[in-house]
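Residue numbers (this note's numbering), protein chains in the order written: chain C, 5 to 429; chain S, 7 to 127.
Report on the following structure.
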Amino acid sequence: MTDLAWIDAALTSARPQAIGALLRYFRDLDAAEEAYQEACLRALKTWPVKGPPRDPTAWLIFVGRNVTLDEVRRRSKQQALPPDEIISDLEDTETDVADRLDASHYRDDVLRLLFICCHPDLPATQQIPLALRIVSGLSVKEIARAFLVSESAMEQRITRAKRRVEAADVPFETPGAPERAERLTAVATMIYLLFNEGYSASGGDVHVRVPLCEEAIRLARLLLRLFPAECEVMGLTALLLLQHARTAARLDADGAIVLLEDQDRRRWNKGLIAEGLVLVDKALRHRRPGPYQVQAAIAAVHSRAVRPEDTDWAEIDQLYAALETMQPSPVITLNRAVAVAKVRGPAAALDLIEPLAVRLDGYFHFFGVKGALLIQLDRAEEARVAFDRAIALARTAAEAAHIRLHIDRLIKDHQKKTKDNKASA
Amino acid sequence: MLYAIFIYGPEAEVASWNEKQHADVVTEHTVLREKLTAQGKVGPVVRLMPTTTAVTVRKGNEPVVIDGPFAETKEQLLGLYTVDCATLDEAIDIAKAMPWGTFEIRPVFRFFPGAALPEQA
Numbered sequence: 005m006t007d008l009a010w011i012d013a014a015l016t017s018a019r020p021q022a023i024g025a026l027l028r029y030f031r032d033l034d035a036a037e038e039a040y041q042e043a044c045l046r047a048l049k050t051w052p053v054k055g056p057p058r059d060p061t062a063w064l065i066f067v068g069r070n071v072t073l074d075e076v077r078r079r080s081k082q083q084a085l086p087p088d089e090i091i092s093d094l095e096d097t098e099t100d101v102a103d104r105l106d107a108s109h110y111r112d113d114v115l116r117l118l119f120i121c122c123h124p125d126l127p128a129t130q131q132i133p134l135a136l137r138i139v140s141g142l143s144v145k146e147i148a149r150a151f152l153v154s155e156s157a158m159e160q161r162i163t164r165a166k167r168r169v170e171a172a173d174v175p176f177e178t179p180g181a182p183e184r185a186e187r188l189t190a191v192a193t194m195i196y197l198l199f200n201e202g203y204s205a206s207g208g209d210v211h212v213r214v215p216l217c218e219e220a221i222r223l224a225r226l227l228l229r230l231f232p233a234e235c236e237v238m239g240l241t242a243l244l245l246l247q248h249a250r251t252a253a254r255l256d257a258d259g260a261i262v263l264l265e266d267q268d269r270r271r272w273n274k275g276l277i278a279e280g281l282v283l284v285d286k287a288l289r290h291r292r293p294g295p296y297q298v299q300a301a302i303a304a305v306h307s308r309a310v311r312p313e314d315t316d317w318a319e320i321d322q323l324y325a326a327l328e329t330m331q332p333s334p335v336i337t338l339n340r341a342v343a344v345a346k347v348r349g350p351a352a353a354l355d356l357i358e359p360l361a362v363r364l365d366g367y368f369h370f371f372g373v374k375g376a377l378l379i380q381l382d383r384a385e386e387a388r389v390a391f392d393r394a395i396a397l398a399r400t401a402a403e404a405a406h407i408r409l410h411i412d413r414l415i416k417d418h419q420k421k422t423k424d425n426k427a428s429a
Numbered sequence: 007m008l009y010a011i012f013i014y015g016p017e018a019e020v021a022s023w024n025e026k027q028h029a030d031v032v033t034e035h036t037v038l039r040e041k042l043t044a045q046g047k048v049g050p051v052v053r054l055m056p057t058t059t060a061v062t063v064r065k066g067n068e069p070v071v072i073d074g075p076f077a078e079t080k081e082q083l084l085g086l087y088t089v090d091c092a093t094l095d096e097a098i099d100i101a102k103a104m105p106w107g108t109f110e111i112r113p114v115f116r117f118f119p120g121a122a123l124p125e126q127a
């Protein structure tokens, strides 16, 4: 397989480890990136001819390091660079050395690289673009398009983020258990936010940006491969897989949102669901529950229901109750209300969410759920007020269109009622 | 002689394939499997989920369950074929016809087909 697409996949998958190792070596993000780029250029020249090396990651680290060191030497002595073949040839004999040097550090190298990208000093708006640029290797242009900003604005944002993490001075020593746990939590949050950015786009006409979701899943699997016993990482990976499995059914042909209940479940991705369910099972065995595991368990209940009416809403209600105690948040209570409406009726659900009105005053979903509950209670006028507010708060065209559908239905029902009343009068 | 052909490769690379690459690999395996089935040469064929889904049970005085695959390797076991071939060369040719990966060919010592488990495509 010497086709460029296959080499590209090999380079992409090696990237986090290679840049992580080069970063530890050079202690400088720009230098590490440049060394990796140089190594990739050589890979693209050499691999199609000689075939890919046995260990592409070690090859890239080794060549990246040598090219950069030679460059430094050349600059200091003004000597010519050795020809390409010599630099690339070294790998066959020296791969083992590169291996032994780096194998024990691989895990912490990647974690450090991911952590630098979501350093607490960085605002979330910079974390995700930085991770996409450095860890995933997306071009600035691609990232700018995903975030609906100009290329130059994104370039600036990423450069600023780099400067800021440089100043933050993340230590290069092997982290102790508490540092490792702290880094894991930060990285998991960043991956979760990246997925959400793709799953529920925060602006514009596109409601789902599949590449961002796929990239988040790739990073979650990578993190899980490095930390196979971390149940929250299992939970996170499961959650993303189970959510992403529904992508094909989430929007209709016109790009309008299809609610979970109305989705064609045959279009859910069975492979992703199977993998997600396995991970939920595996995680729960540890009996160390956490927010990602509980959210994954909720998604799992939906995934297991062949038809919407098979959904175990009582189980979902209990899981949300558990999530509320772990991570009290009005948004979680709002989600729980949907389950409560199914188990105990819309009035009980409305009672649950009414106290949230002040805190969720600017939240699209609050008014969407409230409106839906009010319809079920035949309080059409109030429902309409709630939906109007939801439209005003919608962030994407699909969100707004979805609520408009509800309003259209209200108007139709109202017209039907008036007609019926007239007929009976 | 029965042989097991184990398919190995870096699963991180598989996770970086685009949709077309996935589809191409699946198609090539399907074609190969159907051809070998028609020739009566292939038994159970298995494609595994990623190693992140694996647990390993280690038996001792107290059996221990460990998350993750048995061995941490640069290339992971991705799937396997069981084939009935007259010669090793024939088994090697089958492995060569596979689209992607590194293949370990191991002669089978004993084989029990077991129950006809439901197909999972």
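In this text, a Cβ means the ideal position worked out from N, Cα and C, and glycines have one as well.
Remember, predicted model here, so these are calculated numbers, not experimental data.
To the nearest angstrom, how far is it from the Cα of Asp-59(C) to the Cα of Ala-352(C)?
59 Å
Could you have a look at Pro-359(C) and say whether DSSP puts it in helix, strand or coil?
helix
Cβ pair count under 8 Å reaching 3, the region 324-336 of chain C against the region 275-285 of chain C
no
Taking all protein chains shown into account, decide if Gln-432(C) is buried (16 or more other Cβ within 10 angstroms of its Cβ) or exposed.
No statement about residue 432(C) is possible, as the shown extent of chain C runs from 5 to 429 and does not include it.
How would you write the range of the beta strand (DSSP E) that Arg-53(S) sits in, first residue to last?
48-53
Would you kindly work out how many angstroms separate the C-alpha atoms of Thr-72(C) and Leu-94(S), rounded to a whole number?
47 Å
Of the listed residues Pro-179(C), Leu-244(C) and Leu-142(C), nearest to Ile-277(C) (C-alpha basis)
Leu-244(C)
Mind pulling the alpha helix (DSSP H) runs of 4 or more residues that sit fully within the region 292-341 of chain C?
295-308 and 317-330
Any idea if Val-67(C) is buried or exposed, counting beta-carbon neighbours within 10 angstroms, 16 or more meaning buried?
buried
Bounding residues of the alpha helix (DSSP H) (the contiguous stretch that carries Ala-388(C)):
Checking the sequence, you will find Arg at residue 388(C) rather than Ala. Element bounds for Arg-388(C): 384-397.
I'd like to check one pair, Val-48(S) with Leu-54(S): are the Cβ atoms closer than 9 Å?
no
Outcome for Gln-419(C) when other beta-carbon atoms lying within 10 angstroms are tallied against a minimum of 16
exposed
8 Å contact criterion, which Ala-47(C) and Leu-15(C) should meet: CB distance rounded:
6 Å
Would you kindly report the start and end of the unbroken alpha helix (DSSP H) that includes Tyr-367(C)?
It is not in any alpha helix (DSSP H) - Tyr-367(C) carries neither H nor E in the DSSP assignment.
Would you say Glu-95(C) lies against chain S (beta-carbon separation less than 9 Å)?
Residue placement at Glu-95(C) is poorly supported in this model, since its pLDDT is 48, which falls under 50; the coordinates still yield a value, given next. No, because no Cβ of chain S sits closer than 9 Å to the Cβ of Glu-95(C).
In this structure, what does DSSP give as the bridge partners for Glu-42(C)?
None; Glu-42(C) has no bridge partner.
Got a sec, what are the start and stop residues for the beta strand (DSSP E) Ile-261(C) sits in?
From DSSP, Ile-261(C) is part of no beta strand (DSSP E); its letter is neither H nor E.
Locate the beta strand (DSSP E) running through Pro-113(S), then write down its first and last residues.
108-113
I'd like to know whether the C-beta of Lys-65(S) is nearer than 9 Å to at least one C-beta of chain C.
no
Alpha carbon of Cys-235(C) to alpha carbon of Ala-181(C), nearest angstrom
16 Å
Could you check which residue in Ala-309(C), Phe-231(C) and Thr-241(C) has the C-alpha nearest to that of Gln-267(C)?
Ala-309(C)
Going by other Cβ atoms of all chains shown within 10 Å of its Cβ, with 16 needed for buried, is Gly-107(S) buried or exposed?
buried
Just checking my contact of Val-139(C) with Leu-115(C) at CB under 8 Å: how many whole Å lie between their CB atoms?
With a Cβ gap of about 11 Å, Val-139(C) and Leu-115(C) do not count as contacting.
Alpha carbon to alpha carbon, what distance is there between Arg-167(C) and Glu-279(C)?
39 Å
Using beta carbons (cut-off 9 Å, strictly below), is Thr-241(C) in contact with chain S?
yes
What residue does the alpha helix (DSSP H) around Gly-141(C) start on, and which one ends it?
Careful: Gly-141(C) lies outside any alpha helix (DSSP H) and carries neither H nor E.
Can you pull out the residues from the region 51-65 of chain S whose beta carbon lies closer than 9 Å to at least one beta carbon of chain C?
Met-55, Pro-56, Thr-57, Thr-58, Thr-59, Ala-60 and Val-61
Whose C-alpha, out of Trp-10(C), Pro-52(C) and Glu-201(C), is nearest the C-alpha of Glu-219(C)?
Glu-201(C)
Below 8 Å, how does it come out for the region 23-41 of chain C and the region 144-161 of chain C: are there three or more Cβ pairs, yes or no?
no
Please tell me whether Ile-357(C) and Leu-338(C) are closer than 9 Å, where the distance is taken between their beta carbons.
yes
Would you verify that the beta carbon of Glu-98(C) is, or is not, closer than 9 Å to some beta carbon of chain S?
With a pLDDT of only 47 at Glu-98(C), under 50, the local geometry of the prediction cannot be trusted, and no value is derived from it.
Would you call the region 297-314 of chain C and the region 68-76 of chain S touching, i.e. three or more CB-CB distances under 8 Å?
no
Closer than 7 Å, Cβ to Cβ, to anything on chain C: give me those residues from the region 63-91 of chain S, in chain order.
Asp-73, Gly-74 and Lys-80
Quick one: residues in its chain with C-beta nearer than 6 Å to the C-beta of Pro-312(C), no 5 flanking neighbours on either side, listed in chain order?
Glu-265
Say whether chain S places a C-beta atom closer than 9 Å to the C-beta of Trp-272(C).
no
Member of Leu-83(S), Leu-38(S) and Phe-115(S) whose CA lies at the smallest distance from the CA of Ala-60(S):
Leu-83(S)
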